[in-house]
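Residue numbers (the working numbering): 3 to 556.
Where a beta carbon is used, it is the ideal one built from N, C-alpha and C, also for glycine.
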């Protein structure tokens, strides 16, 4: 069997598995977020934090809950790293330096999981499980809560109330993420991933020296790392490490976990707004972009250019032989079109165009299907932009799901889509202009520029993957990427929740013969075009200086 056919079969199996899970999981999540019942463990948590889960919140109160919880999380995780040397189970590792502790705390709370450190040489068991793994759950639950609040904004009228943040946070964690992660961890252990709390072991003599490995609760963290579209690995090699991702079966299962909730949330959306067809339209838009990127990546990486490529069967540099080009390409596209950031290969070693595809996937806003929660609300923002453009074409006031898209709504949507490009391009320009940041580049020319562009694209879009050639463990990059991660995560949420509140206050507009049908393929095509055009106009000059220049020169 050729590698290309194997790749098509992997894609087919993955799509079939996602299709089987789509309806039951999507309906279950809609039931979770619509339920008025509170289980005993949830009541204990509400009592401990002093929250009333039955109290409805308007968007400012909901936003205060998001920001307050996230700020406390950053502080808690920062302090845990700073005192690691005094904690039990630290494996002898010292406390983390202030700039790196800030970067890591911002990264995991922002659901980015950017890592400028070697996990197996820096973090002990307590920080890994009590700090990083906990944030993998709750940061994902925060994103899902914000998405559900926006959906309620479309579904409700004349109220302005978006639900209760604390109830959404707890339910998303305990009823959705935790049970699926337990099952996922068991599957990964069965595939060969490790799960223990052992210390550091010397495993042999290599080239005159010794090699040491430490154990850890890897399978359980790997499960939520992928399911919550987090991405931070126990080891520096991330999902390329055999302890985290042992074989092709575990590789395909991890990709399944990455895509599971973001795709299923479109069903949840359709169920909560009372129109499954609207959910299918969003799903179709996401699926078209994702499949298109997978096909383009495989074509680029399988293309034979020169003897080395022909002998290897494609661009195998930086890829694990146990996954091959197909498994690596499928993983790379899925992890950059979502906000996961996990990697099973080094994106810096991809072809020039292949590296550009991974960057473009993040620059789309990671909406196909995107991160848990963030992908859905990002796509709904683009849906509003597309409706507005369609309204301009026909001279009609734009409407979406029975809500008028007026001046206030389009300003909030515009602010949302401008934040991330401003952070990415601004920080990249400053880093390239200053003399010191450039010293961190391993390469010069177009590829060196791509290293820095990729780093800020990954940070501001809350992805967390790296081009693997940039030394980001410096005060400059730890600080600036940390700032980009926090602003790129929480500033968009401000506009999303403000938009949700304004929609929830509106009276529904009756559908007429002139209403744009947003549940039809024509609109889905318009939405795809809107996404690609906006991204292209925003990032094309930067991409032309980096991956496009490198690809055309090779």
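- As the crow flies, the alpha-carbon of residue 371 is around 14 Å from that of residue 362.
- For residue 138, the secondary structure class from DSSP, reduced to helix, strand or coil, is helix.
- Residues 388, 391, 392 of the same chain have their beta carbon placed closer than 8 Å to that of residue 528, with the five preceding and five following residues left out of the count.
- Distance check between residue 545 and each of 183, 359, 27 places 359 closest, using alpha-carbon atoms only.
- Residue 223 holds the alpha-carbon nearest to the alpha-carbon of residue 138 among 300, 223, 58.
- Secondary structure remark: continuous alpha helix (DSSP H) runs of at least 4 residues inside the region 348 to 396, in chain order: 354 to 365, 376 to 396.
- Residue 517 is positioned such that its CB atom lies no closer than 8 Å to that of residue 368.
- Under the 8 Å Cβ criterion, the region 334 to 353 counts as touching the region 453 to 470, having at least three qualifying pairs.
- Along the region 153 to 216, the beta strand (DSSP E) occurs as fully enclosed runs of 3 or more residues at 202 to 208, 211 to 216, listed in sequence order.
- Taking a C-beta distance under 8 Å as the contact criterion, residue 507 and residue 160 qualify as a contact pair.
- In the DSSP annotation of this structure, residue 522 is not part of any alpha helix (DSSP H), being labelled neither H nor E.
- Bounds of the alpha helix (DSSP H) holding residue 410 are 409 to 435.
- The distance from the Cβ of residue 503 to that of residue 61 is about 3 Å, consistent with a contact at the 8 Å cut-off.
- For residue 292, the uninterrupted alpha helix (DSSP H) segment begins and ends at 278 to 304.
- In this chain, the alpha helix (DSSP H) harbouring residue 274 covers 250 to 275.
- Taking C-beta atoms as the reference points, residue 277 and residue 475 fail to come closer than 8 Å.
- Annotation for residue 355: 302, 549, 553 place their beta carbon closer than 7 Å to its own, counting only its chain and skipping 5 residues before and after.
- Contact between the region 82 to 98 and the region 117 to 125 is established, with three or more Cβ pairs separated by less than 8 Å.
- In chain order, 108, 112 place their CB closer than 7 Å to the CB of residue 488, counting only its own chain and leaving out the 5 sequence neighbours on each side.
- Here residue 31 is near residue 270, since their CB atoms are less than 8 Å apart.
- When DSSP reads this structure, residue 60 sits in a beta bridge with 163.
- When rounded, the separation of the alpha-carbon atoms in residue 433 and residue 420 is 20 Å.
- Only residues of its own chain outside the window of five on either side were considered, and among them 249, 250 have a CB closer than 7 Å to the CB of residue 324, listed in chain order.
- Note on geometry: alpha-carbon atoms of residue 21 and residue 120 lie some 37 Å from one another.
- Under a 10 Å Cβ-count criterion, residue 66 is classified as exposed, with fewer than 16 other Cβ atoms of the shown protein chains found around its own Cβ.
- As the crow flies, the alpha-carbon of residue 535 is around 13 Å from that of residue 291.
- Cβ neighbours of residue 336 within its own chain (closer than 7 Å, five residues either side excluded): 257, 260, 261.
- Residue pairing by DSSP places residue 443 opposite 472 in a beta bridge.
- No residue range can be given for residue 398, since it is assigned to no alpha helix (DSSP H) and is classified by DSSP as neither H nor E.
- Under the three-state reduction of DSSP, residue 39 is assigned to coil, being neither helix nor strand.
- Excluding its 5 nearest sequence neighbours in each direction, residue 86 has C-beta neighbours in its own chain below 8 Å: 92, 95, 96, 97, 98, 125, 126, 128, 129, listed in chain order.
- Pairing residue 88 with residue 103, the inter-Cα distance amounts to about 15 Å.
- Shown here for residue 451: same chain residues with a beta carbon closer than 6 Å to its own, the five before and five after excluded, namely 547, 548 in chain order.
- Exposure of residue 51 is indicated by the presence of fewer than 16 other C-beta atoms within 10 angstroms of its C-beta.
- The alpha carbon of residue 58 has as its nearest neighbour, out of 70, 410, 164, the alpha carbon of 164.
- Put simply, the backbone Cα of residue 490 is about 16 Å away from that of residue 231.
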